[in-house]
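K.L.:
264 is the number that UniProt numbering gives to position 264 of the sequence shown; each next residue is one higher, with no gaps.
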Amino acid sequence: MAVADNSFSLSTMFNALPYSKGISGFIPPPGFAPRASATPLHAALFNLMTDGEGVSYFKGMISKSDKTVLQRMASLLTSDSDYFMAIVTNKYGSRRVQKLLGKSDDADALFCAAILRRFLHITTDKYATYVTIRAMVVFDKEMKKAMYEHILYHALDLACDQHGCIALNDIITDSDDPYYRDQLLDLVASNALCLSNDASGNFVVQHVLTLYDLRCTHNIAVNLYGHCIDLSFKKYGSYIVEKLLEAEESMVVVVVELLDCDGDTLMRLARNEFGNFVVVKALRFTKAMSKIDLFWGLVQKLMPFLHLLRRSHGSNIASILDSFRLRC
Numbered sequence: 001m002a003v004a005d006n007s008f009s010l011s012t013m014f015n016a017l018p019y020s021k022g023i024s025g026f027i028p029p030p031g032f033a034p035r036a037s038a039t040p041l042h043a044a045l046f047n048l049m050t051d052g053e054g055v056s057y058f059k060g061m062i063s064k065s066d067k068t069v070l071q072r073m074a075s076l077l078t079s080d081s082d083y084f085m086a087i088v089t090n091k092y093g094s095r096r097v098q099k100l101l102g103k104s105d106d107a108d109a110l111f112c113a114a115i116l117r118r119f120l121h122i123t124t125d126k127y128a129t130y131v132t133i134r135a136m137v138v139f140d141k142e143m144k145k146a147m148y149e150h151i152l153y154h155a156l157d158l159a160c161d162q163h164g165c166i167a168l169n170d171i172i173t174d175s176d177d178p179y180y181r182d183q184l185l186d187l188v189a190s191n192a193l194c195l196s197n198d199a200s201g202n203f204v205v206q207h208v209l210t211l212y213d214l215r216c217t218h219n220i221a222v223n224l225y226g227h228c229i230d231l232s233f234k235k236y237g238s239y240i241v242e243k244l245l246e247a248e249e250s251m252v253v254v255v256v257e258l259l260d261c262d263g264d265t266l267m268r269l270a271r272n273e274f275g276n277f278v279v280v281k282a283l284r285f286t287k288a289m290s291k292i293d294l295f296w297g298l299v300q301k302l303m304p305f306l307h308l309l310r311r312s313h314g315s316n317i318a319s320i321l322d323s324f325r326l327r328c
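1. Within 10 Å of its beta-carbon, does residue 179 have 16 or more other beta-carbons around it, so buried, or fewer, so exposed?
2. Between residue 208 and residue 296, what straight-line distance do the alpha-carbon atoms span, to the nearest angstrom?
3. With residue 74 and residue 111 assumed to form a contact (beta carbons below 8 Å), what rounded beta-carbon distance in angstroms separates them?
4. Using a beta-carbon distance below 8 Å, is residue 236 in contact with chain C?
5. In chain order, what residues of the same chain have a beta carbon less than 8 Å from the beta carbon of residue 238, not counting five sequence neighbours either side?
6. Compute every distance between the C-beta of residue 279 and the non-hydrogen atoms of the ligand SAH, then say whether any falls below 7 Å.
7. Looking only at its chain, what residues have a beta carbon closer than 8 Å to the beta carbon of residue 306, apart from the 5 residues adjacent to it on each side?
8. Is the Cβ-Cβ distance between residue 126 and residue 136 less than 8 Å?
9. Determine the direct distance from the alpha carbon of residue 71 to that of residue 365, and round the result to whole angstroms.
10. Counting along the chain, where does the alpha helix (DSSP H) carrying residue 112 start and finish?
11. Can you grab the Cα-Cα spacing for the pair residue 119 / residue 150, in whole Å?
12. If we ignore side chains and look at the alpha-carbon of each, how far apart do residue 103 and residue 67 end up?
13. If you measure between the beta carbons of residue 223 and residue 190, is that distance less than 8 Å?
14. When the Cα atoms are used, what is the spatial distance from residue 77 to residue 98?
15. If we ignore side chains and look at the alpha-carbon of each, how far apart do residue 84 and residue 114 end up?
16. When we look at the beta-carbon of residue 288 and count the other beta-carbons within 10 Å, is it buried (16 or more) or exposed?
17. Report yes if the C-beta distance between residue 266 and residue 234 is below 8 Å; otherwise report no.
18. Suppose you measure from the CA of residue 226 to the CA of residue 257; what does that come to, to the nearest Å?
19. Cβ atoms of residue 168 and residue 159: under 8 Å apart, would you say?
20. Taking only the alpha-carbon atoms, compute the straight-line gap between residue 81 and residue 42 and give it to the nearest angstrom.
21. Do residue 79 and residue 131 have their beta-carbon atoms positioned less than 8 Å apart in this structure?
22. Can you give the Cα-Cα distance for residue 252 and residue 213, rounded to whole angstroms?
23. Measuring alpha carbon to alpha carbon, tell me which residue in 105, 109, 53, 108 is nearest residue 92.
24. Taking residue 138 and residue 101 to be in contact with their CB atoms under 8 Å, please state how far apart those CB atoms are, rounded to whole angstroms.
25. Leaving aside the five residues before and after residue 187 along the sequence, list all residues of the same chain whose C-beta is less than 6 Å from its C-beta, in chain order.
26. Can you tell me whether residue 30 is buried or exposed? The criterion is at least 16 other CB atoms within 10 Å of its CB, across all chains shown.
27. Give the straight-line distance between the Cα atoms of residue 312 and residue 270, rounded to the nearest whole angstrom.
28. Note down the Cα distance separating residue 244 from residue 284, rounded to an integer number of angstroms.
29. For residue 168, name the three-state secondary structure that DSSP assigns.
30. Going along the chain, which residues of its own chain have a beta-carbon closer than 7 Å to the beta-carbon of residue 340, five neighbours each way excluded?
31. What is the DSSP secondary structure of residue 324, reduced to helix, strand or coil?
32. Expressed to the nearest angstrom, what Euclidean distance is found between the alpha-carbon atoms of residue 106 and residue 246?
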């Protein structure tokens with residue numbers, strides 16, 4: 001059924017809706033799609049929310065709707081968990097549900113309950129995850145609190161998911177609640193090692209380091225001490241170590257580990273396609289931050305391998321060492 005073919009007005013449709021009595025307690029298997037037995041109201045609304053050609057029609061309908069109509073619409077959208085899931089996991093459905101959030105406290109209460117009912121499934125879906133992100137911007141304080149509790153409970157699952165990590169990063173960045181923001185940062189820091197070695201989780205660690213929260217950065221560095229060299233041999237792990245080198249509080253932790261390792265390990269790291277960037281940054285930042293003892297410690301430890309660095313990924317390190325050898 002195309003949106004333009006609706007044989008009755010949407011206003012009439014929503015006025016006919018009963019007020020919500022809550023979400024259905026029955027959760028069928030994932031993959032729900034409106035069935036032939038679905039009511040005309042469900043079918044018409046599903047079509048309105050997911051039709052790729054119904055953008056202008058939807059905008060026009062919403063602009064003319066009062067809060068009562070919006071609440072009735074939210075009531076139908078959230079009347080069944082799988083029906084709601086089928087809509088928000090659709091590209092257009094997700095966008096249109098996002099447009100409905102924040103327009104009415106009563107409607108938001110229904111949407112909040114629906115999101116919490118299938119929180120992990122929604123927040124790790126390619127399209128539905130943006131519904132959670134939007135909700136955390138526009139929901140009121142009490143609804144956000146309920147959402148935060150679920151976010152904390154599922155934080156590691158979100159961090160280790162390719163779509164969930166995006167949501168978690170956005171939520172941490174936009175958080176306007178200091179208590180929950182600190183709780184999330186502490187959780188990331190305390191699990192920094194496992195997250196740093198995860199394909200998606202490492203993006204979360206990288207992201208929180210860009211927030212330059214001194215306490216969190218220090219805690220991440222402490223929890224990664226003894227593992228920075230191993231991480232530096234890996235593409236995304238090396239990004240994390242490089243970011244640690246940018247802050248004085250964590251830079252010392254990384255450089256001490258570099259100085260404590262044996263010469264052969266440092267040489268291999270300096271010649272590695274990823275590790276060489278870590279060593280270069282360690283040299284540059286120890287010098288820039290006037291950590292002269294650490295800087296010269298690295299130079300002296302690397303100098304015996306100068307000939308091996310010149311024709312490898314470590315050629316940039318060799319150039320730095322050459323410049324100081326000529327001055328001496």
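C-beta atoms are modelled at their ideal positions from N, C-alpha and C, and glycine is treated no differently.
These numbers come from a predicted model, not from an experiment.
P.N.:
From the atom records:
1. exposed
2. 30 Å
3. 6 Å
4. The displayed structure is made up of one protein chain only, and chain C is not part of it.
5. 231, 232, 274, 275, 277, 278
6. In terms of ligand content, the structure shown is empty, and the ligand SAH therefore cannot be addressed.
7. 318, 321, 322, 325
8. no
9. No answer is possible for residue 365: it lies beyond the span of the chain, which begins at 1 and ends at 328.
10. 105-117
11. 7 Å
12. 8 Å
13. yes
14. 13 Å
15. 7 Å
16. exposed
17. no
18. 7 Å
19. yes
20. 13 Å
21. no
22. 17 Å
23. 53
24. 5 Å
25. 155
26. In this prediction, residue 30 scores a pLDDT of 43, lower than 50, which makes its location untrustworthy; the coordinate-derived value is nonetheless stated afterwards. The residue in question, residue 30, is exposed, as its Cβ has fewer than 16 Cβ neighbours within 10 Å.
27. 9 Å
28. 13 Å
29. helix
30. Since the first and last residues shown for the chain are 1 and 328, residue 340 lies out of range.
31. helix
32. 46 Å
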